[in-house]
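Below is one structure, written out as C-alpha cells; the observations come after it.
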Amino acid sequence: MTDLFRIPYVLIKPLYQRTSFHRSVIEEIDDERLKNAYSECRAITRHHAKTFYMATRFLPNHKQRGIFAIYSLCRYIDDLVDEAEDLLEQKKLTKEDIRGRLNRWKQKLEDTYEGRTQDNAILIAFSDVLKRHHIPIEMPFELMEGVCMDLFKNRYETFNELYNYSFKVASIVGLMTSQVFGYENEEARSYAIDLGIAMQLTNILRDVGEDLERNRIYLPQEDLQHFGVTEDDLFCHRLNEHVKNLLQFQIERTRRYYNRSDKGIALLSSDSQLPVYLARQNYSRILNKIEKNDYNVFDTRAYLNTTEKLSILPRAYYQMKVGKS
C-alpha cells in the first residue's frame with residue numbers, strides 16, 4: 586500500500602477524478618444552481634490551496650463542500666483587497682473607493698445571512714453552509730478587517746501586532762472551518778486559533794522574498810533589532826548568520842504553536858481528525874524545507890510537491906488509529 590504513495594500524483598489524478606468517490610461530492614446535490622456553485626468553490630480551493638484541498642479529500646461529502654465554500658469566501662475577500670491594493674498603487678482607486686467596495690461586499694454578506702437570494706456562486710454555496718452550521722457574521726467581518734490591514738500597514742513593530750494580524754486573517758478561518766469539522770468541547774476553538782497562527786507564521790516565512798518585492802516585512806521589527814538584522818539585509822538578500830538566526834527563531838516560535846494545536850485534533854469529530862492532522866503535518870513540513878534550503882527564503886520558495894504530501898498518509902492514518910485505541 587505504501588508504494589502507491591510513491592507514484593507521482595500527476596499519474597493518479599486523472600484516474601482519481603473519474604471515481605465516484607470524487608464525483609459524488611458535487612453530483613449528489615439535486616439543485617443544479619447549488620451544484621454549480623459548489624463546483625466553482627471546489628475549483629477555487631483546488632487551485633489556490635493545494636495542501637488544504639488534499640486534506641479535505643478525507644472528509645464526508647457535506648463537510649468537504651462546507652470547507653470549499655468557506656475557503657472560497659475567504660479567498661474572495663483576500664483577492665478583493667489585493668486587487669484594490671494594486672489599483673491603489675496605480676492611482677486608479679482612492680482609499681474611499683476601496684472602503685466603498687468593501688462596504689458593498691459587507692452588505693452582500695449581511696443579505697446572505699438574512700436569507701436573501703444571491704447571484705454570486707460563492708455566496709450561493711456559503712448560504713447553504715449557513716443552513717447547517719453556525720458561523721457568526723462577525724467572523725467573516727473580522728477576516729475583512731485583517732486583510733484590509735495590508736492596505737495600510739507593511740511593518741509590524743512587535744510580535745503582539747503580528748499575532749493580532751494573524752488571528753484575523755488565519756485563526757478566524759480556523760474558527761469558521763471548525764464549525765464544519767464539528768467538536769463537542771469548546772477547548773477545540775482555542776487550539777484552532779493556535780493552528781491558524783502557526784499556519785500564518787509559516788506563510789510569512791515561506792513568502793519573505795515575495796513580500797519584500799511589495800515592500801512588506803511581516804517579521805517583527807523587535808526581532809530584527811534583537812538579532813542585529815537590518816531591513817537592508819533583507820532587501821539585499823544577505824543570508825548571513827544574523828539573518829539565519831532570526832529565521833531559526835521564527836521557525837521555533839511557529840513550531841511551538843503547531844505543537845500546542847495538536848491537542849485540539851482529538852477534540853474534533855472523528856471524521857474530521859485525519860484531514861486536519863494531514864493539513865497540520867504537511868503545512869508544518871514547509872518549515873523543514875526552509876531549513877533544508879539553508880534558510881534561503883529570498884530566492885527559493887519552500888513547498889511540498891503532491892507526492893510528498895501524500896507520502897505521510899499511511900503514517901498519519903496509523904497514528905490516528907493508535908490515538909483512538
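In the working numbering, the protein residues as written are 586 to 910.
Ideal placement from N, C-alpha and C gives every residue a C-beta, glycine not left out.
- When the Cα atoms are used, GLN649 and GLY759 turn out to be separated by approximately 15 Å.
- Sequence-distant partners of ILE850 (beyond 5 residues in either direction) whose C-beta falls short of 8 Å from its own C-beta, in its chain, are TYR776, GLN858, VAL861, TYR862, ARG865.
- ARG740 has ILE802 as its beta-bridge partners, per DSSP.
- Contact between LEU853 and ALA773 is confirmed by a C-beta separation of about 6 Å, below the 8 Å threshold.
- Taking one beta carbon from each stretch, the region 700 to 710 and the region 621 to 635 have 3 or more pairs nearer than 8 Å; the two touch.
- For CYS659, the enclosing alpha helix (DSSP H) stretches over residues 646 to 674.
- Ranked by how close their Cα comes to the Cα of ASN749, the residues ASP735, MET761, THR762 have ASP735 in first place.
- Here the alpha carbons of ASP615 and ARG886 stand approximately 42 Å from one another.
- At least 8 Å separates the beta-carbon of SER763 from that of GLN785.
- Of the candidates LEU895, SER855, GLN833, the residue whose Cα lies closest to the Cα of ASN873 is GLN833.
- Between ARG608 and the set THR636, GLY651, ARG642, the nearest pair of CA atoms involves ARG642.
- Going by C-alpha positions, ARG689 is about 23 Å away from ALA755.
- Using a 10 angstroms sphere on the CB of GLN835, the tally of other CB atoms reaches 16 or more, which defines it as buried.
- Residue pairing of LEU853 in beta bridges, as defined by DSSP: TYR768.
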